[in-house]
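Below is one structure, written out as structure tokens; the observations come after it.
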Amino acid sequence: MTSIGAIRYEFPAGTQSVRELAAAGLLESSAETLESLGFAQIRVACEESPYALALRASERLLQESGIDRESIGLLVYGGAPGGLAFAPARALASAASDTVSAARFRYPSTRLQYDLGLERAAVIAVDQLACTTLFGAVRVARALCIAEGIDRALCVSTDMYPPLAGREALFNCTADAACAVLVEREGQRNRIVAARTVTKGYYWDASAMRDEIVASYFPTALHVINETVREAGWSVADVDWVIPHNVSRRSWEILMGLVALPRARLWADNIARDGHTLAGDNFINLRDALDAGAITPGERLLLFSYGYGAHWTALAVEA
Amino acid sequence: MTAPRSILVTGATGLIGRRVVVSLLRRTDAPVVVLVRDPARWDGIARGLGLDATRVTAMRGDVTRPLRWDATAPSQHVGVPSLIVHSAGDIIFSRSLAEARQVNVEGTRNIVELARTFPSARLVHVSSAFAVGRRTGLITERDDAGGAGWVNTYEQSKHEAEMLVRSSGLEYMIARPSTVVCDDARGTVTQVNAVHRALRLYHAGLASMMPGTEDTPVDVIPADWLADAIARLSLTETCAGRTIHLCAGDGALPLGTLLDRTYALWARDTAWRRRGISRPSLSDLPTYELFERSVELVGDARIKRITRSLSHFVPQLAFPKRFDTAGARELLGEDAPPVSAYWDCMLEWLLRSNWSAALPEAA
Numbered sequence: 034m035t036s037i038g039a040i041r042y043e044f045p046a047g048t049q050s051v052r053e054l055a056a057a058g059l060l061e062s063s064a065e066t067l068e069s070l071g072f073a074q075i076r077v078a079c080e081e082s083p084y085a086l087a088l089r090a091s092e093r094l095l096q097e098s099g100i101d102r103e104s105i106g107l108l109v110y111g112g113a114p115g116g117l118a119f120a121p122a123r124a125l126a127s128a129a130s131d132t133v134s135a136a137r138f139r140y141p142s143t144r145l146q147y148d149l150g151l152e153r154a155a156v157i158a159v160d161q162l163a164c165t166t167l168f169g170a171v172r173v174a175r176a177l178c179i180a181e182g183i184d185r186a187l188c189v190s191t192d193m194y195p196p197l198a199g200r201e202a203l204f205n206c207t208a209d210a211a212c213a214v215l216v217e218r219e220g221q222r223n224r225i226v227a228a229r230t231v232t233k234g235y236y237w238d239a240s241a242m243r244d245e246i247v248a249s250y251f252p253t254a255l256h257v258i259n260e261t262v263r264e265a266g267w268s269v270a271d272v273d274w275v276i277p278h279n280v281s282r283r284s285w286e287i288l289m290g291l292v293a294l295p296r297a298r299l300w301a302d303n304i305a306r307d308g309h310t311l312a313g314d315n316f317i318n319l320r321d322a323l324d325a326g327a328i329t330p331g332e333r334l335l336l337f338s339y340g341y342g343a344h345w346t347a348l349a350v351e352a
Numbered sequence: 181m182t183a184p185r186s187i188l189v190t191g192a193t194g195l196i197g198r199r200v201v202v203s204l205l206r207r208t209d210a211p212v213v214v215l216v217r218d219p220a221r222w223d224g225i226a227r228g229l230g231l232d233a234t235r236v237t238a239m240r241g242d243v244t245r246p247l248r249w250d251a252t253a254p255s256q257h258v259g260v261p262s263l264i265v266h267s268a269g270d271i272i273f274s275r276s277l278a279e280a281r282q283v284n285v286e287g288t289r290n291i292v293e294l295a296r297t298f299p300s301a302r303l304v305h306v307s308s309a310f311a312v313g314r315r316t317g318l319i320t321e322r323d324d325a326g327g328a329g330w331v332n333t334y335e336q337s338k339h340e341a342e343m344l345v346r347s348s349g350l351e352y353m354i355a356r357p358s359t360v361v362c363d364d365a366r367g368t369v370t371q372v373n374a375v376h377r378a379l380r381l382y383h384a385g386l387a388s389m390m391p392g393t394e395d396t397p398v399d400v401i402p403a404d405w406l407a408d409a410i411a412r413l414s415l416t417e418t419c420a421g422r423t424i425h426l427c428a429g430d431g432a433l434p435l436g437t438l439l440d441r442t443y444a445l446w447a448r449d450t451a452w453r454r455r456g457i458s459r460p461s462l463s464d465l466p467t468y469e470l471f472e473r474s475v476e477l478v479g480d481a482r483i484k485r486i487t488r489s490l491s492h493f494v495p496q497l498a499f500p501k502r503f504d505t506a507g508a509r510e511l512l513g514e515d516a517p518p519v520s521a522y523w524d525c526m527l528e529w530l531l532r533s534n535w536s537a538a539l540p541e542a543a
């Protein structure tokens, strides 16, 4: 069974508190409101580029896990596209012009393959999945590991905001990060038991459909979670830990109520500390929960995320 | 049955009251006096209903003010009423308690005082099945409500009015109707209410949560059955001192079934189905209230407005109850039509009418 063999993430050096963000005019809501939703600070890049963080996360994952790089048959990249990936965060806005020139063909995915020395890895990039990008990458990797007999796939996601971009999306405080996940065709720990994704294209114009999206979030999330649990052969009560995406604590409390799981089973330590990354909250949180010893082998984990606009996705993982 | 001398009806311009008048005229030869704020408006309604003008007299009056029987105002041949059907009420769930009490409690008090001036008059008080508020389980027709709190001021004021009638010393009967959702079993809707507004929001994908469980009974009735039942009971003297549930009772539909039917019917429209609008999530009340508070904290104005409009009555679903209708069955010899008989027709009517041009998104 496919499994999550390793996770490594990298944050930029900078942090900004919610109050600092509010003072800089980077929030729609007040600092007090976002604090009441569970946010305290976020990780903010300045000199780092999305690519630099992705490379660092991937390289450290490979070093930590000690695996043979030749055993990696697939690299799935998601996040900042060519043109934007190589610019430091402070220059991202001006680098946008690269996406409409020949520079767009300078792909971070292929460079990553080269820089990491993954000569045997085929390269695929996933895009347009918002905060579910890394889920999409893992899903593709899982499918190809099974379909093509690939032993190992490295999934990497990285994303950042330019300095003056607003940091609030649907009452969530967004942060910069990169995250790498190693998917293995056979593994004993963190086995992927089930995966479900629902995409509702009706909500493609997210800014115009904001109210409809707010309304659709919970019932669709509940549906995806129930379907994932059912596919795993579990009942909801079997879930030992919900490993969340770092959206507001309040929305998680509501969702836990809908799912009928006690809030104590939500591993929410990072919401205040890190904010909500586009790169892959759930996997960052899973790594931290494992490192903290919160999860014991055999426990049943549910990872759920939502990609702004149209994507609801979940994984059932047996630790 | 002794024929009434004459019958005074309040709320005759309303959806139910006007039908009660029609049914009374069909069932008795007694003259009917309607107490209305605007006789000209009533005249228009009466013409629309094709009523015999010689049998119905409009008396100008406002239940929120002290009332006095004016023998000179109605037609001279109309005697002092021996039967009063008090169906006037403020059914807006979002009223403040003071506003709701003005019509529902003080209005009833004024009718009680007026009735006391009539020799041996009987009062039929049209209350609400939901005057029992947050009570759950089987609600019998002996229950006098109260004690568990209320979801909205309408429920509370209806309960207070019942208490007032019970302690009035008058001969009374209390009719407790369920929620009216359509005119008749064909599903026609001529008066939109909170249920229709809520359905529209769910259809538009602008509302997504609902307290309750799959098994929560949803008890609703059509207006024509209700009005006819009120008229028949009003003319039945054995009802004295009784409370009668005019509800679907065992014909109520479980919430889960109702939602399945509703969304399946809406999904027949390919364009609607392609939107992928989900059936609302059912939750316990604390989770629903947390959602409401979250919307208040961070929601846009439109979502706030929508959520507030639902909060005035949707939480009633968190208090599942089944209404015992044994008394109504005994006296009427029939049950209300089961919800399953007309719910789909009503939905189709709402779609055909495009939710009615005048139906606001949230009120």
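Chains Y and U supply the protein sequences, listed in that same order. Counting from 34, one number per residue, gives the positions in the first sequence under the working numbering. Counting from 181, one number per residue, gives the positions in the second sequence under the working numbering. Where is the CB? At the ideal position from N, CA and C, for every residue including glycine. Being a predicted model, the structure only gives us computed values, none of them experimental.
Quiz item: Where do the ends of the beta strand (DSSP E) carrying L215(U) lie?
Solution: Counted as a single uninterrupted DSSP element, the beta strand (DSSP E) harbouring L215(U) occupies residues 212 to 216.
Quiz item: Tell me the DSSP bridge mates of F337(Y)?
Solution: Looking at the DSSP output, F337(Y) bridges to A347(Y).
Quiz item: In three-state terms, what does DSSP make of T329(Y)?
Solution: DSSP places T329(Y) outside both helix and strand once states are collapsed to three, so it counts as coil.
Quiz item: Can you tell me where the beta strand (DSSP E) with T207(Y) in it begins and where it stops?
Solution: Where T207(Y) is concerned, the enclosing beta strand (DSSP E) stretches over 205 to 208.
Self-check item: Closest residue to G71(Y) among V51(Y), C79(Y), Y42(Y) (Cα-Cα distance)
Solution: Of the candidates V51(Y), C79(Y), Y42(Y), the residue whose Cα lies closest to the Cα of G71(Y) is V51(Y).
Quiz item: Which residues bound the alpha helix (DSSP H) around M526(U)?
Solution: Segment 523 to 532, the alpha helix (DSSP H) holding M526(U).
Self-check item: Beta-carbon gap between S337(U) and C427(U) smaller than 8 Å
Solution: In this structure, C427(U) does not lie closer than 8 Å to S337(U) by Cβ.
Self-check item: Status (buried if at least 16 other CB within 10 Å, exposed otherwise) for D130(Y)
Solution: Looking at the sequence shown, residue 130(Y) is not Asp but Ser. Label assigned to S130(Y): exposed.
Exercise. Kindly say whether V478(U), judged by its beta-carbon, lies nearer than 8 Å to any beta-carbon of chain Y.
Key: It does: the Cβ of V478(U) has a partner Cβ on chain Y nearer than 8 Å.
Exercise. Kindly indicate if chain U contains any beta-carbon less than 8 Å away from that of T165(Y).
Key: Cβ-Cβ to chain U under 8 Å: no for T165(Y).
Quiz item: Looking at the unbroken beta strand (DSSP E) that takes in C362(U), where does it start and where does it end?
Solution: That run of the beta strand (DSSP E) goes 359 to 362.
Practice problem: Run down chain Y in chain order and give the residues with a C-beta less than 7 Å from the C-beta of M389(U). | Solution: In chain order: F251.
Quiz item: Can a CB atom of chain U be found closer than 8 Å to the CB of G290(Y)?
Solution: At least one C-beta of chain U is nearer than 8 Å to the C-beta of G290(Y).
Exercise. Give the DSSP bridge partners of F316(Y), in chain order.
Key: Answer by DSSP bridge pairing: none, since F316(Y) is not bridged.
Quiz item: With distances taken from CA atoms, which of R185(Y), G47(Y), E81(Y), G99(Y) is nearest S36(Y)?
Solution: Just measuring C-alpha positions, the residue of R185(Y), G47(Y), E81(Y), G99(Y) sitting nearest S36(Y) is R185(Y).
Quiz item: Around the Cβ of Q146(Y), are there at least 16 other Cβ atoms within 10 angstroms (buried) or fewer (exposed)?
Solution: Answer is buried; the Cβ neighbour count reaches 16.
Exercise. Identify the contact partners of A55(Y) in chain U, using a Cβ-Cβ distance below 7 Å as the criterion.
Key: Going along chain U, no residue has its Cβ under 7 Å from A55(Y), so there is no contact; the nearest lies around 14 Å.
Quiz item: In chain order, what residues of the same chain have a beta carbon less than 7 Å from the beta carbon of G317(U), not counting five sequence neighbours either side?
Solution: Around G317(U): K501.
Practice problem: Identify each residue in the region 198 to 218 of chain Y for which the Cβ-Cβ distance to at least one residue of chain U is less than 9 Å, and report them in chain order. | Solution: Listed by position along the chain: L203, F204.
Quiz item: How close, in whole Å, do the beta carbons of A238(U) and V216(U) come, if the pair is a contact with beta carbons under 8 Å?
Solution: The pair is a contact, with the Cβ atoms about 5 Å apart (cut-off 8 Å).
Practice problem: At 8 Å on the CB atoms, spell out the chain U contacts of S62(Y), in chain order. | Solution: Chain order gives the chain U residues near S62(Y) as V478, where near means a beta carbon separation below 8 Å.
Self-check item: Delimiting residues of the alpha helix (DSSP H) encompassing H383(U)
Solution: First-last of the alpha helix (DSSP H) with H383(U): 374 to 383.
Quiz item: Which residues in the same chain have their Cβ closer than 6 Å to the Cβ of N315(Y), if we skip the five residues on either side of it in sequence?
Solution: Excluding residues within five positions, the ones whose Cβ falls inside 6 Å are I276, H278, L336, S338.
Quiz item: Are any of the Cβ atoms in chain Y nearer than 8 Å to that of E541(U)?
Solution: Any reading at E541(U) must be qualified, since the residue scores a pLDDT of 49, below 50, and its modelled position is unreliable; the value itself is stated next. Cβ-Cβ to chain Y under 8 Å: no for E541(U).
Practice problem: Measuring only between beta-carbons, confirm whether Y339(Y) sits less than 8 Å from chain U. | Solution: No, because no Cβ of chain U sits closer than 8 Å to the Cβ of Y339(Y).
Quiz item: Closer than 8 Å, CB to CB, is S69(Y) near chain U or not?
Solution: By this cut-off, S69(Y) is an interface position.
Quiz item: Quick one: what's T191(Y) bridged to in DSSP?
Solution: Beta-bridge pairing links T191(Y) to G112(Y), A211(Y).
Quiz item: With C206(Y) and H309(Y) assumed to form a contact (beta carbons below 8 Å), what rounded beta-carbon distance in angstroms separates them?
Solution: 6 Å between Cβ atoms; contact.
Self-check item: Local Cβ density within 10 Å of E65(Y), reported as buried at 16 or more and exposed below that
Solution: By the beta-carbon neighbour count (other beta carbons within 10 angstroms, threshold 16), E65(Y) is exposed.
Quiz item: Are three or more beta carbon pairs between the region 309 to 324 of chain U and the region 482 to 492 of chain U nearer than 8 Å?
Solution: They do not touch, by the three-pair rule.
Practice problem: Using a Cβ cut-off of 9 Å, pull out every chain U residue sitting near Y235(Y), in sequence order please. | Solution: Those within 9 Å of Y235(Y) in chain U are G385, R454, R455, G456, I457.
Quiz item: By DSSP, does K338(U) sit in helix, in strand, or in coil?
Solution: When secondary structure is reduced to three states using DSSP, K338(U) falls in the helix class.
Quiz item: Where D271(Y) and D464(U) are concerned, what is the direct C-alpha to C-alpha distance, given to the nearest angstrom?
Solution: The alpha-carbon atoms of D271(Y) and D464(U) are separated by roughly 20 Å.
Quiz item: Under 8 Å, do I401(U) and A295(U) count as touching if we go by C-beta distance?
Solution: No, these two residues do not count as a Cβ contact at 8 Å.
Practice problem: Please work out which residues of its chain come closer than 7 Å, Cβ to Cβ, to H383(U), disregarding the five sequence neighbours upstream and downstream, and give them in chain order. | Solution: Excluding residues within five positions, the ones whose Cβ falls inside 7 Å are W446.
Quiz item: What does a CB cutoff of less than 6 Å around A136(Y) pick up in its chain, not counting 5 residues either side in sequence?
Solution: For A136(Y), the CB contacts under 6 Å within the same chain, skipping 5 residues up- and downstream, are G116 in chain order.
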